[in-house]
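In the numbering used here, the protein residues as written are 183 to 951.
Quick notes on the structure that follows.
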Amino acid sequence: MAATIPPGAAADTGRNGRTGGLGRGRAVADADERATSRTLTDRNVAALARIAAGHAPRRRSCDDRSVPAVARVEPLVTARAVRGPFDYLLPDGCDVGSVVEIPFGRQRLRGVITELAERSEHRLKAPSAVLDVSLPPELVRLALWMADDVVSTRARCLELLLPPDGVGERIRLWAERAGEAAVDPAADDPDAERYPGVRLTANQRALLDRLPGWTGDDLQALRRLEGRGLVTIEPRGHGRRPDHVALGAAAGAPVLNPDQLLAVQRLEDALRGAGGTPGPGEDRFLLHGVTGSGKTEVYLQAAQRALAMGRTALVLVPEIALTPQTVARFRSRLGETVAVLHSGLSKGERRDEWWRLRRGEARICVGPMSTVFAPVSDLGLVIVDEEHDSAYKQDGDPRYDARRVAAWRARENGAVLVVGSATPRPESWNALRRIGLPRRADGGEMPAVRLVDVRGIRTVLQREVHQALTDARKAIVLLNRRGWATWLECADCGHSWECPNCDVSLVLHRGSGVLRCHHCGHVEHPPRQCPACGSVSVGQHGLGTEQLADHLPGHVFRLDADVRDRSGVLQRFQEADHGILVGTQMIAKGHDFPDVELGVVVDADATLRFPDFRSQERTFQLVAQLAGRAGRGGGPSGARASVLVQTRSPEDRALRHAARHDAHGFLVEELERRRQLDYPPFSTLVRVMCEHEDEDRAQAAASVLRERMPEGTLGPVPVFRRQGRFRRQLLLKAAHRGSAVAAVRAAVESVVGTPGARGLVLAVEVDPR
DNA sequence: AGCACGCCGACT
DNA sequence: GTCGGCGTGCTC
Ligand SMILES: [Zn+2]
Ligand SMILES: [Zn+2]
């Protein structure tokens, strides 16, 4: 029986997800599978004997060729110490991508079959069950590639691709009319007698009229009708669907402007050609469009065309917060075929959306990060919106970059890749074919950006900036520091307040009345006097958003990570007739405010002076994004909106380009600078952080590691202590990504396994932020 | 990860 | 003497 199942038959198709997800598989030794499992077991015994004799276990396929009988399984555990894969007997009908339950030591674990083999040098056990869920082979390849690419483990990457464990299908009772009530002859004619010849009360008649449907409070009444044979009731899977904000009636396609038309045309041509053999980079595009230029409409129409060609699409947005609005737009045009995946969904919702995609019931997935792992087949289009956003980098263990994964999936499936931004990354500008949307869809003007020199200015806001804020009806003010004061210092002896776990100063939060560490969450009471000298004059330094909000004139709205009801603040500001929105980075993301007439960057130097080769890029993005958010139409007078940038480096290249809205000029120069300095994208940086509670051991481990890393590795460089662990950093700048990553992986693994590595935390980051 | 095995300090 | 600390190694 097993011999007739061709390899790939089971794992390659989305099997019925209906009998439940993980954990509810068919147990190999279970009741109605008994016959199958018995033959399996008998054959296993024989197979074991042959393996012991040095032969490969053989199975006969219909065309009499030998087929693999060994499954190489990656047990799903997080530990780095488990170095798979492990060999098991291949159960009937399984293939690469099948998910099995395996005996592993004395535990039972889930595992994914990542490879088949004909023989094994081990004594093999059989998996104890085959689960209903399986991964398409493409996603197995993705996990294996990703594990190497980001120096993580295969198991951790595989786990990312699977639906959540421990939730099954939701089962509810479904009722239908039956017997004499099966057909309602009066369905078309409201005056005719209903259910003729059947004795019914008015209540029962109403009950029958609402069927078919799910049972509820009326189950008892329905059961009585079931008893008379007028109704059937049976358990059925009742999929959970995430809530979606409605966006009115299904909307038609708006008229595109010429730029948009051209963009859609180019993507359509690429879609037509995709799947063939386009040249390198032929089907990878950068949609470079200013804020409000109508990028989303281009995405939508491209997705529509991909669907029409029988292919599927992924649409990535940077954050969960931006998902609902995008989903709503796609849904209002494309309907039920739009699924959504993100970590904010309940386990059940995620499971059900995963299966809708796996079975092909949904053919588009919209959302952040995890959407890039959607189990669709026939992928035709991958869209990454706001591609410059660093939220696309995961900062947990598989430190993957969703943009890189998106590019991999597009390449692997012959799909078209489209990344969009008003402020693209130099890497994308350099590598992708550019499509421009240079005009705002509403024809509005870009705001005037002015650099304000604050050298020698002792106040927080320069006089004109303060005046502009007083005059403006609505304004947004950006400052990238949370809290009231970022550090405290005794005026008499210079004592400062630092975190006991980290080598950083504690931040005063006045609203919550605490000193807080922004790196580990440590909290303590603010001092009344200096513990070193007893002085009561404690100076507050470093202005944060909380204090800034207090200084500003008029009605102030504050938005940062410390604010509890963030969407409420946004909404109130949006609806307000006048006021100032103050906050960190997050105020410049996503939502735009058409009636804001002034944007202010309080301290552009904070970003600019950050010691990192990307600081210029980030500064340009910060200013340009704020300019994009601020007013389309300007004030009530229709005056042009403006952006004021406070800086002590008004000659800075990034700032000057941003002030002229000249992304092109900035990117050309920035790329040239990076080429000369050998920075990405012309090289790859690999950073290894060694952390240990004991400083000497952190240092020693880093030194040993450095010896095993490729030539030219810099370090160990001490980095400030965090969460009680001393840190040492190694940095490698390499010309060739693949070999550098492989070498670092080997070095790290050689150190992780050795004695003396106890308590050592190693984090590898390729192309760190 | 989870679990057993094993080798040293200190407690019934 | 043995109880238990965790350092080490193994799981197909
Ligand atoms: Zn003091
Ligand atoms: Zn801390």
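Beta carbons are placed, not taken as given, at the ideal position from N, Cα and C, and that holds for glycine.
All of these numbers come straight from a predicted model, not from anything done at the bench.
Candidates Asp653, Pro557, Tyr574: closest to glutamate 320 by CA position | It is Pro557 whose Cα lies nearest to the Cα of glutamate 320.
Residues bridged to glycine 395 [DSSP beta-bridge criterion] | Ala357
Flag histidine 701 as yes when its Cβ comes closer than 7 Å to any non-hydrogen atom of ligand 2, and as no otherwise.
-> yes
Every unbroken alpha helix (DSSP H) within the stretch 849-932, with a cutoff of 4 residues, ordered by chain | 877-890
Could you check how far apart the C-beta atoms of leucine 496 and proline 606 are, in whole angstroms? I think they sit under 8 Å.
-> Proline 606 and leucine 496 do not touch by the CB rule: their CB atoms are close to 19 Å apart, not below 8 Å.
Is DSSP giving glutamate 568 helix, strand or coil here?
-> coil
How about aspartate 834: is its Cβ closer than 7 Å to a heavy atom in ligand 1?
-> no
State yes or no: is the C-beta of serine 885 within less than 8 Å of the C-beta of alanine 917?
-> no
For glutamate 650, the three-state DSSP class (helix, strand or coil) | The question names glutamate, yet the displayed sequence has alanine at residue 650. The answer is helix: DSSP assigns alanine 650 an H, G or I state.
Which of helix, strand or coil does DSSP assign to histidine 524?
-> coil
Compare the Cα-Cα distances from valine 472 to each of Arg856, Ala806, Pro898 and report the closest residue.
-> Ala806
Over what stretch of residues does the beta strand (DSSP E) that includes aspartate 834 continue unbroken?
-> Per DSSP, aspartate 834 belongs to no beta strand (DSSP E) and is neither H nor E.
Take the Cβ of aspartate 425 as the centre, count every other Cβ of all protein chains shown within 10 Å, and call the residue buried at 16 or more, exposed below.
-> exposed
Per-residue burial, phenylalanine 792 [other beta carbons within 10 Å of its own, 16 or more giving buried] | exposed
In the DSSP assignment, find the alpha helix (DSSP H) that holds glycine 409 and state where it starts and stops.
-> Residue range 401-409 is occupied by the alpha helix (DSSP H) that includes glycine 409.
Between glutamate 531 and the rest of its own chain, which residues show a CB-CB distance below 8 Å, the 5 nearest in sequence each way excluded?
-> Arg422, Arg423, Pro424
Do the stretch 745-759 and the stretch 707-714 touch if we need at least three Cβ pairs shorter than 8 Å?
-> no
Compute the minimum distance between the beta carbon of serine 678 and the heavy atoms of ligand 1, and state whether it is under 7 Å.
-> no
Given a cut-off of 8 Å, decide if leucine 382 and valine 413 are closer than it, judged by their beta-carbon atoms.
-> no
Please list, in chain order, all residues of the same chain as glycine 542 whose beta carbon is under 6 Å from its beta carbon, the five residues on each side excluded.
-> none
Taking the alpha-carbon positions, what's the glycine 350 to histidine 420 distance?
-> 11 Å
Would you report the Cα separation of leucine 944 and arginine 466, rounded to the nearest angstrom?
-> If I take the Cα positions, the gap works out to 35 Å.
Can you grab the Cα-Cα spacing for the pair glycine 847 / valine 825, in whole Å?
-> 20 Å
Extent of the continuous alpha helix (DSSP H) to which cysteine 547 belongs = It is not in any alpha helix (DSSP H) - cysteine 547 instead sits in the beta strand (DSSP E) that spans 546-549.
Is any heavy atom of ligand 1 found at a distance shorter than 7 Å from the C-beta of serine 687?
-> no
Would you report the Cα separation of leucine 808 and alanine 630, rounded to the nearest angstrom?
-> 12 Å
Taking C-alpha atoms, which residue in Arg301, Arg338, Ser797 lies nearest to proline 257?
-> Nearest of Arg301, Arg338, Ser797 to proline 257, Cα basis: Arg338.
Contact between the stretch 771-788 and the stretch 499-516: three or more CB pairs below 8 Å?
-> Below 8 Å, enough C-beta pairs join the stretch 771-788 and the stretch 499-516 to call them touching: three or more.
Do glutamate 568 and serine 603 have their C-beta atoms within less than 8 Å of each other?
-> The Cβ atoms of glutamate 568 and serine 603 sit closer than 8 Å to each other.
State the CB to CB distance for the pair leucine 343 and leucine 317, rounded to an integer number of angstroms; the pair is presumed to be in contact (CB under 8 Å).
-> 6 Å
Over what stretch of residues does the beta strand (DSSP E) that includes cysteine 672 continue unbroken?
-> It spans 667-672 - the beta strand (DSSP E) in which cysteine 672 sits, taken as one unbroken run.
Taking just the CA atoms, how far does leucine 599 sit from leucine 867?
-> Their Cα atoms are separated by approximately 24 Å.
Compute the distance between the beta-carbons of aspartate 890 and alanine 929, then report whether it is under 8 Å.
-> A quick correction: the sequence has arginine, not aspartate, at residue 890. In contact: arginine 890 and alanine 929 (Cβ atoms closer than 8 Å).
Check whether the Cβ of asparagine 612 lies closer than 7 Å to any heavy atom of ligand 2, and answer yes or no.
-> no
When we look at the beta-carbon of histidine 733 and count the other beta-carbons within 10 Å, is it buried (16 or more) or exposed?
-> exposed
Compute the Euclidean distance between the alpha carbons of leucine 438 and isoleucine 769, then round it to the nearest angstrom.
-> 29 Å
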